[in-house]
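With this note's numbering applied, the sequence shown covers 2 to 156. Ideal placement from N, C-alpha and C gives every residue a C-beta, glycine not left out.
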Amino acid sequence: MARNSLTVITDNSFPLLPALAILYLSGNTIEKIHEKGFSEVAGVRSLDLEDNALYQVPTAALQSFHRLEELKVGQNQFTVIQAGSFRGLKKLRSLDVSGCPELVELAKDALEGCDDIETLRISSNRKLDFIHPGSLGGRLTRLRSLDLSSNALTR
């Protein structure tokens with residue numbers, strides 16, 4: 002469903018597809034994802050929401066995924082990645098938040114509950130000048146690859 006004209010993912014956007022493993026929704030103009038928008042595709046292991054028009058991480062909708070291992074949310078309109086934005090994604094291994102033109106901050110506890118992340122890419126966010134020390138520190142004991150390149154980090 003990538004590169005279409007989707008603007009909203011409603012509670013009825015997907016039929017029941019329990020075996021679906023990969024869902025590509027990149028390149029749309031998705032602005033909103035309803036809380037139960039992914040409930041019928043909860044078995045997805047890889048979700049690509051890059052290059053949309055999201056202003057917030059759709060935390061409530063992401064709670065449907067109990068097996069999600071890879072999440073791409075780059076190239077959206079986030080200004081701040083709030084505390085607990087990825088809460089509940091206990092199996093998440095790879096997270097990409099790159100190329101967000103308005104992103105300025107990664108808040109304390111932004112990655113709360115994502116203790117098993119191995120690959121974290123937060124790059125090419127030209128306005129990102131602050132990553133709260135409490136957003137990364139201490140809990141990412143399995144982190145193997147960290148990309149913070151091409152941001153505006155000053156502290």
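Quick check: the Cα distance between residue i and residue j, rounded to an integer number of angstroms?
i, j, result
"S151", "P16", "39 Å"
"D116", "L55", "25 Å"
"A84", "H35", "20 Å"
"Q57", "R68", "22 Å"
"I64", "L104", "Per the sequence shown, residue 64 should be read as Gln rather than Ile. Going by the C-alpha atoms only, they are around 23 Å apart."
"R156", "F79", "20 Å"
"A108", "I31", "23 Å"
"L18", "R4", "21 Å"
"T60", "K128", "23 Å"
Let me make sure I understand the geometry here. Which of the options has the alpha-carbon closest to that of residue i?
i, options, result
"A111", "S146, E41, I132", "I132"
"D52", "E113, K109, S6", "S6"
"D97", "G85, N77, A108", "N77"
"S124", "L149, I82, D130, V42", "L149"
"S14", "L141, L21, S40", "S40"
"S136", "I82, R94, R127", "I82"
"K92", "L141, R127, P59, L18", "L141"
"S95", "R127, V42, P134, D49", "D49"
Looking only at its own chain, which residues have a Cβ that is under 6 Å from the Cβ of residue i, when we skip the five neighbours before and after it?
i, result
"S47", "I23, E71"
"P134", "none"
Going along the chain, which residues of its own chain have a beta-carbon closer than 7 Å to the beta-carbon of residue i, five neighbours each way excluded?
i, result
"K33", "V9"
"G75", "E51, D97, V98, S99, G100, C101"
"D130", "V105, A153, L154, T155"
"L21", "V42, G44, V45"
Is the CB of residue i under 9 Å away from at least one CB in chain D?
i, result
"I82", "As a matter of chain content, chain D is missing from the structure shown, which is built from one protein chain."
Answer yes or no: do residue i and residue j have a C-beta to C-beta separation smaller than 9 Å?
i, j, result
"E113", "R88", "yes"
"L144", "L121", "yes"
"S86", "E119", "no"
"G44", "T11", "no"
Quick one: what's got a C-beta closer than 8 Å to residue i's C-beta in the same chain, skipping five residues either side?
i, result
"M2", "L24, Y25, L26, N29"
"A62", "I10, I34, H35, E36, K37, G38, F39"
"L90", "L63, F66, L69, L72, G114, C115"
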